[in-house]
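Here the structure is laid out as C-alpha cells; the discussion comes afterwards.
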Amino acid sequence: MSEIAERLLAGEQRALSRLITLLESGDPSAAEAMKAVDSHTGRAYTVGITGPPGAGKSTIVDQLTQLVRSTGQTVGIIAVDPTSPFSGGAILGDRIRMQRHYLDSGVFIRSVATRGQSGGLPRIVKSMVRALDAAGIDLILVETVGVGQTELGIISVADTVLVALNPESGDTIQTLKAGVMEIADLYLVNKADREGANHMATAITGMLHMATYNPKWTPPVLLTTAHLGQGIDELWEKVGEHRKFLTTSGELNERRGSQRRREFLEAVEEVLVQRLRDKVENDPNLNATLEKVATKETDPYSAALGFLESSFFSVD
Ligand SMILES: Nc1nc2c(ncn2[C@@H]2O[C@H](COP(=O)(O)OP(=O)(O)O)[C@@H](O)[C@H]2O)c(=O)[nH]1
Ligand SMILES: [Mg+2]
Numbered sequence: 001m002s003e004i005a006e007r008l009l010a011g012e013q014r015a016l017s018r019l020i021t022l023l024e025s026g027d028p029s030a031a032e033a034m035k036a037v038d039s040h041t042g043r044a045y046t047v048g049i050t051g052p053p054g055a056g057k058s059t060i061v062d063q064l065t066q067l068v069r070s071t072g073q074t075v076g077i078i079a080v081d082p083t084s085p086f087s088g089g090a091i092l093g094d095r096i097r098m099q100r101h102y103l104d105s106g107v108f109i110r111s112v113a114t115r116g117q118s119g120g121l122p123r124i125v126k127s128m129v130r131a132l133d134a135a136g137i138d139l140i141l142v143e144t145v146g147v148g149q150t151e152l153g154i155i156s157v158a159d160t161v162l163v164a165l166n167p168e169s170g171d172t173i174q175t176l177k178a179g180v181m182e183i184a185d186l187y188l189v190n191k192a193d194r195e196g197a198n199h200m201a202t203a204i205t206g207m208l209h210m211a212t213y214n215p216k217w218t219p220p221v222l223l224t225t226a227h228l229g230q231g232i233d234e235l236w237e238k239v240g241e242h243r244k245f246l247t248t249s250g251e252l253n254e255r256r257g258s259q260r261r262r263e264f265l266e267a268v269e270e271v272l273v274q275r276l277r278d279k280v281e282n283d284p285n286l287n288a289t290l291e292k293v294a295t296k297e298t299d300p301y302s303a304a305l306g307f308l309e310s311s312f313f314s315v316d
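In this note's numbering, the protein residues as written are 1 to 316.
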C-alpha cells in the first residue's frame, strides 16, 4: 500500500489534504491510493445540503458542525462553489461563517470549484467523500450551491439530503418541481424568523402528500432560524431518524450500492470521451476535414460520421 494511503488510514489530516490536492491535479498516485483505501470506507455518514444561494446552507453547516463536535465526533465539510470570476465573495462569506471551525483539528474543511462543469456534482466530490471516510471522519457535510436540475447530483454522494428554502423565495414551487422533491429526505424552511415560514412549511407538506416518492419515508419539514441556532437540535435528531430508517430498512446499502454503480458508469463515459477527444484532436485528417466543412464541400453531420468511420472504426 502506498505511503499516502497508509497515512490516510491512520487518520493523518495532512495526508488527507495531500491526497485531495493530488486528486485535483489528476495525479495517478491519487487513483492508486483511492484504490487501496476503498475497502476501508463506509463508516462515515454523509449529509448533503442543497438549496438556493443565500438560503442559509453554510450557516446550517456551521451550526450542525458545532453541535456534532460537542458530542466528540469529527466533521468533514465539503463546500461546492460554482466557479465564476464573481463567486469569490461567496467563498469568502462561507469562510467567515465557518471561521470558528478552522482552528479545530476535529473539523476538516475543503472547497471544490465546479469549474463550469455542466450540471451535476464534480466527480472529485465522490472521491473526496471516500477519502474523508477512510481518514476516519465521522460526519461529512457536503454543501452545494444552486437550485434545480444541476443540484440533483447531491443524491449521488449523500446518505441524507437536506433541502434548505426560505419563506420569501417565490420560486420555491418551481424549485420543488424541478426534481428536488425526488431527492429530498428532509426540508428546512430556514429564516423562520421571517414572515411566511409556517405558510411555506404547510405548502411543502401539502405537496409531499400529493407526491409519494418513497412510501416508507415521508420527509419531515422543519423550521429553522439558523443564524440563531434555532431548530438545529431537532434537525440533527431528524437526520438521526432518517439514518436509522435507512439502516434498518436496508436502504442505506441499496443507496450506496447504486451510487457506486452510477459512479462506475460515469467514469467509463468520462474516460471514453476523453480518449476519443484526444484521438480526434490528434487525427492528421482533422484539419483537412474541418476545412471541407467550413467551405461547404461537405455538410457537418455527414462529415462527422465519415470522419469517425475512417478514423476509428476501420482502424484498430
Ligand atoms: N434572518 C435570518 N438570516 C439568516 C438565517 N440563516 C442564515 N441567515 C443569513 O443569511 C445569509 C446567507 O446565509 P448563508 O449561510 O451564507 O447561505 P448559503 O448561500 O445558503 O450558504 C447570511 O447573512 C446569514 O447570516 C436565518 O434563519 N434568519
Ligand atoms: Mg454557502
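Where a beta carbon is used, it is the ideal one built from N, C-alpha and C, also for glycine.
Flag this pair as yes or no: are the beta carbons of residue i and residue j separated by less than 9 Å?
i	j	result
Val161	Gly48	yes
Trp236	Val68	yes
Asn190	Thr225	yes
Glu24	Ser2	no
Leu139	Thr202	no
Leu176	Leu222	no
Glu168	Gly196	yes
Val145	Val157	no
Asp81	Thr59	no
Asp159	Arg256	yes
Ala134	Leu8	yes
Gly136	Gly11	yes
Leu165	Pro52	yes
Asn285	Ser310	yes
Pro220	Glu241	yes
Gly229	Ala192	no
Thr65	His40	no
Ser127	Ala36	no
In the DSSP assignment, the beta strand (DSSP E) including residue i goes from what residue to what residue?
i	result
Ala33	No beta strand (DSSP E) contains Ala33, which is instead part of the alpha helix (DSSP H) from Pro28 to Val37.
Ala79	Val75 to Asp81
Ile49	Tyr45 to Thr50
With 16 as the cutoff for other CB atoms within 10 Å, does residue i come out buried or exposed?
i	result
Phe108	buried
Pro85	Legend: pLDDT at Pro85 = 44, less than 50; position of this residue unreliable, no value from coordinates given.
Val239	buried
Gly89	Here the model assigns Gly89 a pLDDT of 46, short of 50, so the residue's position is not dependable, and the following value carries that caveat. The residue is exposed, with fewer than 16 neighbouring Cβ atoms inside 10 Å.
Val315	Legend: pLDDT at Val315 = 48, less than 50; position of this residue unreliable, value from coordinates given subsequently. With fewer than 16 other Cβ atoms within 10 Å, it is exposed.
Ala211	exposed
Val394	Here the chain comprises residues numbered 1 to 316, so residue 394 is not present and cannot be evaluated.
Val163	buried
Val112	buried
Ala5	buried
Thr248	exposed
Leu16	buried
Leu132	buried
Val273	exposed
Just to confirm the assignment, what range does the alpha helix (DSSP H) spanning residue i have?
i	result
Glu281	Glu251 to Asn282
Ala203	Ala197 to Met210
Leu19	Gln13 to Glu24
Leu103	Careful: Leu103 lies outside any alpha helix (DSSP H) and carries neither H nor E.
Ala137	With the sequence shown as reference, residue 137 is identified as Ile, and Ala is not the correct amino acid for it. Element bounds for Ile137: n/a, residue is neither H nor E.
Val68	Lys57 to Arg69
Lys292	Leu286 to Ala294
Leu333	Residue 333 is absent from the model: the chain starts at 1 and stops at 316.
Ile155	Where Ile155 is concerned, there is no enclosing alpha helix (DSSP H), given that its DSSP letter is neither H nor E.
Glu297	Glu297 -> no alpha helix (DSSP H), and no H or E assigned at all.
Leu9	Glu3 to Leu9
Taking the alpha carbon of residue i as the reference point, which residue from the options has its own alpha carbon closest?
i	options	result
Lys216	Leu223, Asp185 and Pro122	Asp185
Ile78	Thr71, Arg256 and Thr50	Thr50
Asp62	Val80, Ala164, Gln99 and Pro52	Gln99
Leu276	Thr289, Gln66, Phe307 and Leu246	Phe307
Asp104	Gly72, Arg123, Ser111 and Arg262	Gly72
Glu266	His227, Ala294, Arg123 and Asn287	Arg123
Leu152	Val180, Asn166 and Asp159	Val180
Thr218	Gly250, Leu290, Leu228 and Ile183	Ile183
Arg243	Val37, Ala30, Ala44 and Gly26	Ala44
Ile155	Ser258, Thr289 and Glu281	Ser258
Asn214	Glu281, Phe245 and Arg260	Phe245
Gln13	Ser70, Gly26 and Arg110	Arg110
Based on the DSSP output, what are the partners of residue i in its beta bridges?
i	result
Leu188	Ala164 and Leu222
Ser111	Ala79
Gln230	Thr225
Thr248	DSSP output for Thr248 lists no bridge partner at all.
Thr41	In DSSP, Thr41 forms no bridge with anything.
At least one CB of chain B closer than 9 Å to the CB of residue i: is that the case?
i	result
Val221	No chain B appears in the structure shown, which is made up of a single protein chain.
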